[in-house]
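Chemist: In order, the protein sequence lines correspond to chains A and B. Start counting the first sequence at 1; every next residue gets the next number (the working numbering). Start counting the second sequence at 1001; every next residue gets the next number (the working numbering).
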Amino acid sequence: DLRGNSHRGSIKGRFLQITDLHPDLYYKEGSSIETACHRGEPNDKGDRAARFGNAMMGCDGPPDLMYYTLDWIQENLANEIDFIIWTGDNVRHDNDRKIPRTEQQIFDMNRHVSDLFVKTFKDHDSEDPRQFKVKVIPSLGNNDVFPHNMFSPGPTLQTRELYNIWNQFIPPEQQNTFDRYTSFFVEVIPGKLAIISFNTLYMFKGNPLVDNCTNKKQPGYKMLLWIGYTLQELRNRGIKVWLSGHVPPIPKNFDSSCSDKLALWLHEYSDIIIGGFYGHMNLDHFVPIDGEQAWEDVANAI
Amino acid sequence: ATSEFSEFSEQDFLADAIAARQIRAQGAKPVNKVNYMNNVRDSYYSEISKKIKKLSKSDPFFERFSMVHVSTSIIPTFNPGFRVWEYNITDLQTQEAAVHQNQPWDLFFQNLDDEIDQILNDSEVDEDEDDSRSLFEALDSLLKKNKKNKKGKKGKKSKDWWKTDKTFPKIKPDGLPPGPAYENQLFSPLRFVQYYADLKQINKDYLKLLKDGKSKEEAASIAFKYQVEYTSDAEPYPMENVLVKDYIKLASDLSENDKLWEVFLERAFCSSGYKD
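1. Looking at the unbroken beta strand (DSSP E) that takes in B:TYR1036, where does it start and where does it end?
2. Quick check: what's the CA-CA separation for A:PHE184 versus A:GLN174?
3. In chain C, what lies closer than 9 angstroms to B:LYS1166 by C-beta?
4. When the Cβ atoms of the stretch 292-301 of chain A are set against those of the stretch 1077-1085 of chain B, are three or more pairs found closer than 8 angstroms?
5. Looking only at its own chain, which residues have a Cβ that is under 6 angstroms from the Cβ of A:PRO42, when we skip the five neighbours before and after it?
6. Would a C-beta distance cut-off of 9 angstroms place B:ILE1248 and A:PRO147 closer than the cut-off?
7. By a C-beta neighbour count over all protein chains shown, 10 Å radius and 16 as the cutoff for buried, is B:SER1188 buried or exposed?
8. Return the residue from the list A:LEU243, A:LEU201, A:GLY228 that minimises the CA-CA distance to A:PHE254.
9. Counting Cβ pairs closer than 8 angstroms, one from the stretch 54-71 of chain A and one from the stretch 1063-1077 of chain B, do we hit at least three?
10. Determine whether the beta carbon atoms of A:MET109 and A:ASN90 lie at a separation below 9 angstroms.
11. Is A:LYS119 close to chain B, meaning its C-beta is less than 9 angstroms from at least one C-beta of that chain?
12. Sort B:THR1231, B:LEU1176, B:LYS1259 by Cα distance to A:VAL273 and report the nearest one.
13. Which residues does DSSP list as the beta-bridge partners of B:GLU1086?
14. Any idea which residues DSSP pairs B:MET1067 with across the strands?
15. Report the residue from A:GLU127, A:CYS37, A:VAL145, A:ARG51 whose alpha carbon sits nearest the alpha carbon of A:PRO208.
16. Assuming A:PRO219 and A:GLN168 are in contact, meaning their beta carbons sit under 8 angstroms apart, how far apart are those beta carbons, in whole angstroms?
17. From B:ASP1276 to B:GLU1047, what distance separates their C-alpha atoms?
18. Return no unless some Cβ of chain A is closer than 9 angstroms to the Cβ of B:SER1255.
19. With contact counted as at least three CB pairs below 8 angstroms, one residue from each stretch, are the stretch 185-198 of chain A and the stretch 131-142 of chain A in contact?
20. With 9 angstroms as the threshold, decide whether the Cβ of B:TRP1105 is near any Cβ in chain A.
21. Quick one: measure Cβ to Cβ for B:VAL1244 and B:ARG1191, integer angstroms, because I've assumed they're closer than 8 angstroms.
22. If you drop the 5 nearest sequence neighbours on each side, which residues of the same chain put their C-beta closer than 7 angstroms to that of A:HIS246?
23. Using only CA atoms, which one of A:VAL113, A:GLY276, A:LEU225, A:ARG237 lies nearest to A:LEU25?
24. Does the beta-carbon of B:GLU1229 have 16 or more other beta-carbons within 10 angstroms, so that it is buried, or is it exposed?
25. Out of A:PRO153, A:LYS217, A:ASP123, which one is the CA nearest neighbour of A:GLN308?
26. Would the beta-carbon of A:PHE184 be found less than 8 angstroms away from any heavy atom of the ligand FAD?
27. My output table needs one value for A:GLY245: the three-state DSSP class, helix, strand or coil.
28. For the stretch 1025-1040 of chain B, which residues have a beta carbon sitting closer than 8 angstroms to at least one beta carbon of chain A?
29. Can you tell me which of A:MET66, A:PHE117, A:ASN164, A:ALA78 puts its alpha carbon nearest to the alpha carbon of A:PHE107?
30. Which value, in whole angstroms, describes the spacing of the CA atoms of A:PHE286 and B:LYS1214?
31. Three-state secondary structure (DSSP) at A:ARG48?
32. Tell me where the beta strand (DSSP E) around A:LYS135 begins and ends.
33. Considering B:GLU1229, what are the terminal residues of the beta strand (DSSP E) in which it resides?
34. Report the partner residues of A:TRP265 according to the DSSP bridge assignment.
35. Around the Cβ of B:GLU1063, are there at least 16 other Cβ atoms within 10 angstroms (buried) or fewer (exposed)?
36. My assumption, with CB atoms under 8 angstroms, is that B:PRO1030 sits in contact with B:TYR1196. Please give the rounded CB distance.
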């Protein structure tokens, strides 16, 4: 219980968001970009896979890009930040027919990247395995699951394996709810500030198991119940909150019944919700969500 | 297939095929991203610009809006990048720790599981009927609200309709002060610093260092670095803070000023020089 004053002097007032690492263990420096940077001689100088990757050329991330990035953050920023919001996609794309992804490879890479975050940001002087120098809040990306994009409500093999992989990041009392919704929250400043990590795949158009958020059987419907109860409890306790997840909750990505309902929650809990952080689209931008418009959209949807 | 199953149209299949292609294409070279950003500008920023003056009078903190922040990636779709946010902790240093008499979290989660199970397993209400009833009541409420608004009276949503469907939130209680997203206070976001790795320069430096006789690891250690790409208070569109009202103003400015939009696009693509 860290509710005393001892932690206060160490709050820096900064945090970091990082997303979409997509490390590719098959990445080969000097290979041809045209073959997903996996093999072959480059056709010319512009087709050569560089050690740290080539912008805009379509290959996944070289593992060295991930290792050096985390090292750089550790050396230059770790002492200046309070927590890291890490919004998923830790596995290569399924873009090479000669090397299709397997479920085991996906688990292994998720574990590898998770271990790297633990190793880099854990408080190694503490006996508590959940004690971090910089707290880390992960969320699930559409490339972190098998088959690609497809993810059903838990408990399933995948939700249990993900808990095992992320167990040092997830408060232990949330194990059961995590098993069901792959969502959780962390009090980054206990009793004051929390980060919700919610599983956006349960609302994602690209997930073949998701149709809408209006039917009780839909995973998005179930997760909205979890979000609602959690927000109300955080409000009761006077805790402010940032939301985080992989797929941005905008109409382009979500079924409208899901994006509209979520917009309603953002609107009606705007006294505690500060905003939301997402990845997936690889583009630095912001999208204002209009809560009043969402109420109108609900009416129009009928 | 279309002829056998008449409920599916050719358009449905085509739409599914396009969606599947887009999903597969996510791992490939970026395409049509300027087009996407222009759509964001038209659909969101320009719409705000049209009504910003009217809104600022009735809703000075723009509490009807919430902000979705979408980040650039480490995978070099463009250049790798990430962001450090700065937030207000002034009062945290002086405030005494509040004494809460809350139930333990494990008890809360146990109750939460039970309550959600009860809702999901409620067999008294047919699922389809339940859906339509809650939506019908939502519509009814909104129609009443609109009717009142047209008469010049301030509309108020019905207090009861949402009780039938817990995936709709209760209306925010009256009198709550604006949250940290809207007015500068404890935990309000104040500023951000966007970092990026200039891959072209890094790879060039790396190869040169190898040529100069450095080992691979020495060359990588020297060449690889992140640098500040921009900050939220940097020109040409410095933001005072990064509250919702600052973003709303920025959205409006971006929709009206093509030069600012060019800079915004350059930053959206992490200074990679991307064009469609």
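Yeah, the Cβ is synthetic: ideal placement off N, Cα and C, and Gly gets one too. Remember, predicted model here, so these are calculated numbers, not experimental data.
Modeler: Well, looking at it:
1. On the second sequence, position 36 is the one that residue 1036 of chain B refers to. First-last for B:TYR1036: 1033-1040, but that is the alpha helix (DSSP H), not the beta strand (DSSP E).
2. Position 184 of the first sequence, counted from the first residue, corresponds to residue 184 of chain A. Position 174 of the first sequence, counted from the first residue, corresponds to residue 174 of chain A. The alpha-carbon of A:PHE184 is positioned some 7 angstroms away from that of A:GLN174.
3. The structure shown contains no chain C; the protein chains it does contain are A and B.
4. Touching, no, given that fewer than three Cβ pairs across the two stretches are closer than 8 angstroms.
5. Counted from its first residue, the first sequence places residue 42 of chain A at position 42. Answer for A:PRO42: SER32, ARG48, listed in chain order.
6. To locate residue 1248 of chain B, count along the second sequence from 1; it is residue 248. To locate residue 147 of chain A, count along the first sequence from 1; it is residue 147. Pairing B:ILE1248 with A:PRO147 gives a Cβ-Cβ distance that is not under 9 angstroms.
7. Locating residue 1188 of chain B in the second sequence gives position 188, counting from the first residue. With 16 or more Cβ atoms within 10 Å of its Cβ, B:SER1188 is classed as buried.
8. The residue given as residue 254 of chain A occupies position 254 in the first sequence. The candidate whose alpha carbon is nearest that of A:PHE254 is A:LEU201.
9. With a cut-off of 8 angstroms on Cβ pairs, the stretch 54-71 of chain A is in contact with the stretch 1063-1077 of chain B, counting three or more such pairs.
10. Stepping through the first sequence from its first residue, residue 109 of chain A is reached at position 109. Stepping through the first sequence from its first residue, residue 90 of chain A is reached at position 90. For A:MET109 and A:ASN90, yes; Cβs fall inside 9 angstroms.
11. Locating residue 119 of chain A in the first sequence gives position 119, where the first residue counts as 1. No - not a single Cβ of chain B is within 9 angstroms of the one on A:LYS119.
12. The residue labelled residue 273 of chain A in the question sits at position 273 within the first sequence. In the sequence on display, residue 273 of chain A carries Ile and not Val. Cα-wise, what sits closest to A:ILE273 is B:LEU1176.
13. Position 86 of the second sequence, counted from the start, is the residue given in the question as residue 1086 of chain B. DSSP lists A:ARG14, B:ARG1191 as partners of B:GLU1086.
14. For the purposes of this step, residue 1067 of chain B is taken as the residue at position 67 of the second sequence. Paired residues: A:PRO288.
15. As a position in the first sequence, residue 208 of chain A is number 208, starting the count at 1. Nearest option by C-alpha distance: A:VAL145.
16. Taking the first residue of the first sequence as 1, we reach residue 219 of chain A at position 219. Taking the first residue of the first sequence as 1, we reach residue 168 of chain A at position 168. Contact between A:PRO219 and A:GLN168 fails: their C-beta atoms lie close to 26 angstroms from each other, not under 8 angstroms.
17. In the second sequence, residue 1276 of chain B corresponds to position 276, counting from 1. In the second sequence, residue 1047 of chain B corresponds to position 47, counting from 1. In a straight line, the C-alpha of B:ASP1276 is about 24 angstroms away from that of B:GLU1047.
18. To locate residue 1255 of chain B, count along the second sequence from 1; it is residue 255. The beta carbon of B:SER1255 does not come within 9 angstroms of any beta carbon belonging to chain A, so the residue lies off that interface.
19. Touching, yes.
20. Mapped onto the second sequence, residue 1105 of chain B falls at position 105. It does: the Cβ of B:TRP1105 has a partner Cβ on chain A nearer than 9 angstroms.
21. On the second sequence, residue 1244 of chain B is found 244 positions in, with the first residue counted as 1. On the second sequence, residue 1191 of chain B is found 191 positions in, with the first residue counted as 1. Your pair B:VAL1244 and B:ARG1191 does not check out as a contact, with CB atoms roughly 15 angstroms apart and the cut at 8 angstroms.
22. One-based indexing of the first sequence puts residue 246 of chain A at position 246. Excluding residues within five positions, the ones whose Cβ falls inside 7 angstroms are THR87, GLY88, ASP89, SER139, LEU140, GLY141, ASN142, THR200, TYR278, GLY279, HIS280.
23. Residue mapping note: residue 25 of chain A aligns to position 25 of the first sequence, counting from 1. Cα-wise, what sits closest to A:LEU25 is A:VAL113.
24. Your numbering for residue 1229 of chain B matches position 229 in the second sequence. Residue environment: B:GLU1229 is assigned as buried (16 or more neighbouring CB atoms within 10 Å of its CB, all protein chains considered).
25. The requested residue 308 of chain A does not occur in the structure, where chain A is confined to residues 1 to 302.
26. Ligands displayed in this structure: none; no statement on the ligand FAD is therefore possible.
27. Looking up residue 245 of chain A in the first sequence gives position 245. A:GLY245 falls in the coil class under three-state DSSP.
28. Taking a C-beta cut-off of 8 angstroms against chain A, the contacting residues of the stretch 1025-1040 of chain B are GLN1026, GLY1027, ALA1028, LYS1029, PRO1030, LYS1033, TYR1036, MET1037, VAL1040, listed in chain order.
29. Translated into the one-based positions of the first sequence, residue 107 of chain A becomes position 107. Comparing Cα-Cα distances from A:PHE107 to each of A:MET66, A:PHE117, A:ASN164, A:ALA78, the minimum goes to A:ASN164.
30. For the purposes of this step, residue 286 of chain A is taken as the residue at position 286 of the first sequence. For the purposes of this step, residue 1214 of chain B is taken as the residue at position 214 of the second sequence. Cα-Cα distance, rounded: 42 angstroms.
31. Here residue 48 of chain A refers to the residue found at position 48 of the first sequence. It is a strand residue.
32. To locate residue 135 of chain A, count along the first sequence from 1; it is residue 135. Element bounds for A:LYS135: 135-138.
33. One-based indexing of the second sequence puts residue 1229 of chain B at position 229. 1227-1231 is the span of the beta strand (DSSP E), which, as asked, contains B:GLU1229.
34. On the first sequence, position 265 is the one that residue 265 of chain A refers to. For A:TRP265, DSSP assigns no beta-bridge partner whatsoever.
35. Working through the second sequence from its first residue, we reach residue 1063 of chain B at position 63. B:GLU1063 comes out buried.
36. By 1-based counting over the second sequence, the position of residue 1030 of chain B is 30. By 1-based counting over the second sequence, the position of residue 1196 of chain B is 196. B:PRO1030 to B:TYR1196, Cβ: 16 angstroms. No contact.
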